[in-house]
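Each remark here refers to the structure printed beneath this line.
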Amino acid sequence: MSKRNIAAVIFLVIVAVFFVFSALMMHPFGEPEKTEMDQYIIDNTQGETGADNGVTSVVFDYRGFDTLGEATVLFTAVASVILIFRRLKK
Amino acid sequence: MSGMSKIVKTITSIAFPFTMIYGLYIIAHGHLTPGGGFQGGAVVASRCAMILFAYGSVWTMGKIKEKHLSGLESLGAIGFICLAFFGLIFGLQYFFNNFLVGEKGLNLIFNQLAIGASNINTAGVLPLMNFAVGLKVIAGLFGIVLVMAYATSLKEGK
Amino acid sequence: MNLETIITHSPALIVAVPLLGAFLTPLVAKINDKVRNIFVILTVGLTAFLVYLLASDVLANGIRTYVFGGGSPVIGSGESAFAIRILFEVDGMNIFMAIIASILALAGVIYSWAFMKGNTGLDKYYTLILLMIAGMFGMILTGDMFNFFVFLEITSISACALIAFWTNKGRAVDAGFKYIVISSIGALFVLFAIGILYGQYNALNMAVLANSMQYTFLDKIALVLLIAGLAMKAGIVPMHMWLPDAYGRAPSPVTLILVGTTQASLYGVLRMSFTVYGGHLTTPLKQVGDITIDLSLLLGIVIVALAIVTILIGVLMALKQTNFKRMIAFAAVGEIGYIFLAIGTAITTITNDPNTGATILTGSGEMALKGGIFHIINDALDVGLLFLVAGAIYYAAKETSLDKMGGLARNLKYTTVFFLIGLLAVSGMPPMNGFASKLMIYQSTYQINPILAIVAILCSILLLAAFVKVFHAAFLGPKLPKFTGVKEVPKSMLIAMGIIACIIIFFGLFPDFVVNNIVQPAANALADNSIYITQVIGGGL
Amino acid sequence: MIFNIPFIAVAALVLIGLYAVVFKRNLIKIVIGITLIESGVNLFLITLAYRKDSTAPIYTASPGGIMSMPVPHALTLTSIVIGVAVLALMLSLVVYIYRHYKTLDVRKIGGGEEE
Chain A
-7 MSKRNIAAVI FLVIVAVFFV FSALMMHPFG EPEKTEMDQY IIDNTQGETG ADNGVTSVVF
53 DYRGFDTLGE ATVLFTAVAS VILIFRRLKK
Chain B
13 MSGMSKIVKT ITSIAFPFTM IYGLYIIAHG HLTPGGGFQG GAVVASRCAM ILFAYGSVWT
73 MGKIKEKHLS GLESLGAIGF ICLAFFGLIF GLQYFFNNFL VGEKGLNLIF NQLAIGASNI
133 NTAGVLPLMN FAVGLKVIAG LFGIVLVMAY ATSLKEGK
Chain C
-3 MNLETIITHS PALIVAVPLL GAFLTPLVAK INDKVRNIFV ILTVGLTAFL VYLLASDVLA
57 NGIRTYVFGG GSPVIGSGES AFAIRILFEV DGMNIFMAII ASILALAGVI YSWAFMKGNT
117 GLDKYYTLIL LMIAGMFGMI LTGDMFNFFV FLEITSISAC ALIAFWTNKG RAVDAGFKYI
177 VISSIGALFV LFAIGILYGQ YNALNMAVLA NSMQYTFLDK IALVLLIAGL AMKAGIVPMH
237 MWLPDAYGRA PSPVTLILVG TTQASLYGVL RMSFTVYGGH LTTPLKQVGD ITIDLSLLLG
297 IVIVALAIVT ILIGVLMALK QTNFKRMIAF AAVGEIGYIF LAIGTAITTI TNDPNTGATI
357 LTGSGEMALK GGIFHIINDA LDVGLLFLVA GAIYYAAKET SLDKMGGLAR NLKYTTVFFL
417 IGLLAVSGMP PMNGFASKLM IYQSTYQINP ILAIVAILCS ILLLAAFVKV FHAAFLGPKL
477 PKFTGVKEVP KSMLIAMGII ACIIIFFGLF PDFVVNNIVQ PAANALADNS IYITQVIGGG
537 L
Chain D
21 MIFNIPFIAV AALVLIGLYA VVFKRNLIKI VIGITLIESG VNLFLITLAY RKDSTAPIYT
81 ASPGGIMSMP VPHALTLTSI VIGVAVLALM LSLVVYIYRH YKTLDVRKIG GGEEE
């Protein structure tokens, strides 16, 4: 085993301990402690946005700017792939 | 990538309109049922990718070029960001304001804000944004798949 | 629309204008190349103008928030307040970073005009440049954790494609792949941390999170993940491998903006550790004899140790490089180490105010923080100028290897002057800006531990030696026959280098002006997070 | 503790992905590793959304009762699209790396002419 491998194993073990600890210490599955923000959205999605689908009202209204970023990511990916596969000579 | 056998091509052609309409339905009803612009767009784009596999990338590239798809995607993105910019001009005058719902202005058909009143024409800009994003996702995902398939099918060094 | 309206909306517009420009670029490019270049420069210029307007307002009137979609920023008050919409919150630190980003973006776009001429795929190149700029501004201005992640990804994807711009060179593609692997893993760590914080507090807004932070074990894990993920993108030593490759292989204007995105990740580290976790850095951990080891001391020592290693590796590796751009890239690693040295020194001195209980910095800590923040802008400008000079040499002489250069000063007069300015600035010589900030860092670290200051000064001198060697090898000496046809670079490249050089000299001559007007508000914003929280929560503390 | 099995699954997915990224020599396997980490994080966000006995946060034909939290759904949607973008970009770069070096082994790439 080379030095690089030993370092990698140590890194992985540390990260593993972190992740497993955090998984064990999360709140019990299905019983989040605080839900005000989401409860507000569920209660008001029909009254404020007129949408039946709570997720759509979050995606396009409450957190619309994230969706703009998400659309931009896709746009970036298309531009990147076309740029990378372009012809290099005219 | 050359095309597949005749059976695959025929089945793809027959299934094409149904899956297309399914995807468009998901986009149009994004604010009412599970789904939305991204999900419906992915359905339509995967349908287009299926044609790509059935008929081969060279054939598909002859029908539609990646620059057209790129332009279409730009159009969807511009539509989306313009709807966001309209919030600055109308409504509460904030970026990303849902200016079509509320008590003033263009509220004749869009303002049914109550439990159970939602319909295809409610929710203000949400359906419009769904359409813009749907267009973007269709063009974007299909463009990525098309360019990658076409470029990798060519001989190296071209 | 009057000026006040524009200033009100400028936080959103600073991000939205480059985005709209990027979406329009493929359509505008159909007209012709010149119109496209002018369009891109105008878009970035408009963004820079908006940054100027916002900066003049924020520096005069204090912090400013912008709610996407309108309405009040939070619902409820005090401990139970929560924000449902995305907020942009602009304080001294945000606007300081935005100023850096706007300078780099403008210079990069102007420089691209002549430098990139003759390449194919320039429509997509300009689109991606605008997207990268938009992502950088989004990272800097946002007050929402998940929004930060989204813009982080936009910058990494566009930057990766631009690093691999010259796809006929295998090493460029390799560098791009390395960059995307490192930065997507870093971004996923950040997203995991955001998920942990969301699961705990059901909030994504930075101010609301800072307000309700309980500092449980899970929060500590989230902090580690956040800092690890962002440090990967900022190029701190264990994760610096991608940086010289990416900086060295990318086209020069891309490298310039890449420096800006690296600084934006650095800003992320500062924002997370000082603002989101700000009030809890003095949590006592252990009592050893008379000394109480609190969290800030531990975190500070770790950061200082990493910073020293970063400086050493950066400078020592820079000494042995033969490729000009790679050498500057290692110098850039070293410079980031200086910033972290100052930040770490500042963190070690955080204590509780005996009267009010608020977290404060003691004397030398405040100077260290100011020096570190001042060095962020100096590092961006100095390293950026050097990269532009390297690009100019490559453009004129088609040569990047230091062994094969010589006597270029006769042919490239202005470029030589700009290189001298950058050389003096990056190695911290008076009267350039690098001296002003490094002096502050030396003074403050000397009070903490003299050895640190000595190591820092020595590394700075080594850096000077390395660059003087380059100056001698590339610009002085006999004229080589193969460089007889070399002409001075085109005007647009000279203008871009001139802008940055002028700012460097201005900062060097009037450091007090800069420190008092731009750096001080940024340091204040970092040192005390209660203003940031109160602005959103509305005094419900 | 038994109720935290979804979170442990998340940790396992992320760790398998990290293992692939750190130890595998094949570029495609590294890409797969990153996608695994990404799936783990997406699963994590979705598990955060669940509340006991809850239905989807959609009022059309809703049976009533508690609804699960809509925000993590939106975040996951964004995260998935970002994942697709990153995946497309990485695969196109891998194609180019293969064209240059005629191999996908990380130990053999990175050399070549100094331009």
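Residue numbers (this note's numbering), protein chains in the order written: chain A, -7 to 82; chain B, 13 to 170; chain C, -3 to 537; chain D, 21 to 135.
Every residue gets a Cβ at the ideal spot worked out from N, C-alpha and C, and that includes glycine.
- Under a criterion of Cβ atoms nearer than 8 angstroms, the residues of chain C adjacent to S82/B are, in order, P22.
- When DSSP states are grouped into helix, strand and coil, Y107/C belongs to the helix group.
- A Cβ-Cβ separation of about 38 angstroms leaves A327/C out of contact with L200/C under the 8 angstroms criterion.
- In the three-state scheme derived from DSSP, where H, G and I count as helix and E and B as strand, I59/C is classed as coil.
- Contact of I150/B with chain D is not assigned, every C-beta pair being separated by 8 angstroms or more.
- DSSP, read as helix, strand or coil, puts P280/C in strand.
- Looking at the DSSP output, D125/D sits in a beta bridge with N46/D.
- For I86/D, not one C-beta of chain B is nearer than 8 angstroms to its own C-beta.
- Between Y107/C and S488/C, the CB-CB gap stays under 8 angstroms.
- Against chain B, a Cβ distance below 7 angstroms from T80/D picks out L44 and T45.
- Contact of A108/D with chain A is assigned, a C-beta pair being separated by under 8 angstroms.
- Annotation: G117/C to L84/B spans about 18 angstroms, alpha carbon to alpha carbon.
- The residue from K(-5)/A, E28/A, L80/A and R(-4)/A with its alpha-carbon nearest to that of S73/C is E28/A.
- Taking 8 angstroms as the cut-off, the Cβ atoms of L214/C and I192/C count as close.
- When the Cα atoms are used, Y37/B and I150/B turn out to be separated by approximately 14 angstroms.
- Cβ contact annotation for Y67/B (same chain, cutoff 6 angstroms, sequence separation greater than five): G15, in chain order.
- Sequence-distant partners of S456/C (beyond 5 residues in either direction) whose C-beta falls short of 7 angstroms from its own C-beta, in its chain, are S423, G424 and K434.
- DSSP, read as helix, strand or coil, puts F78/C in strand.
- Just so you know, the alpha carbons of G155/B and S82/B end up roughly 7 angstroms apart.
- The beta carbon of F64/C lies closer than 8 angstroms to those of A8, R81, I82, L83 and F84 in the same chain, with the five residues before and after it left out.
- By the Cβ-count criterion, Q259/C is buried, with 16 or more other Cβ atoms from all chains shown falling within 10 Å of its own Cβ.
- Pairing F21/A with D73/D, the inter-Cα distance amounts to about 12 angstroms.
- Within the region -1 to 14 of chain A, no residue has a Cβ lying closer than 9 angstroms to any Cβ of chain B.
- Taking C-beta atoms under 8 angstroms as the contact rule, N(-3)/A and I78/D fail to qualify, at a distance of about 50 angstroms.
- Of the candidates K148/B, R59/B and L140/B, R59/B places its Cα closest to the Cα of I23/B.
- Of all alpha-carbon atoms in L55/C, M89/C and A79/C, the one lying nearest the alpha-carbon of D524/C is that of M89/C.
- By the C-beta density criterion, K128/D is exposed, having fewer than 16 other C-beta atoms within 10 angstroms.
- Against M73/B, chain A offers no close residue; the least beta-carbon distance is about 12 angstroms (beta-carbon pairs closer than 7 angstroms).
- Under the 8 angstroms criterion on CB atoms, S112/D is classed as interfacial with respect to chain B.
- Residue range L83 to V86 is occupied by the beta strand (DSSP E) that includes V86/C.
- Note on the region 241 to 323 of chain C: whole alpha helix (DSSP H) runs with a minimum of 4 residues are 248 to 266 and 291 to 315, in chain order.
- Under a 10 Å Cβ-count criterion, M228/C is classified as buried, with 16 or more other Cβ atoms of the shown protein chains found around its own Cβ.
- Contact between the region 220 to 240 of chain C and the region 316 to 331 of chain C is present, with at least three C-beta pairs closer than 8 angstroms.
- Beyond the five residues adjoining it in sequence on each side, F383/C comes within less than 8 angstroms, by CB distance, of Y243, S248, T251, L252, V255, K321 and I324 in the same chain, given in chain order.
- Nearest to I96/C by alpha-carbon distance, out of I34/C, Y263/C, T358/C and L302/C, is Y263/C.
- In this structure the region 359 to 373 of chain C does not lie against the region 286 to 294 of chain C, because fewer than three pairs of beta carbons, one per stretch, are closer than 8 angstroms.
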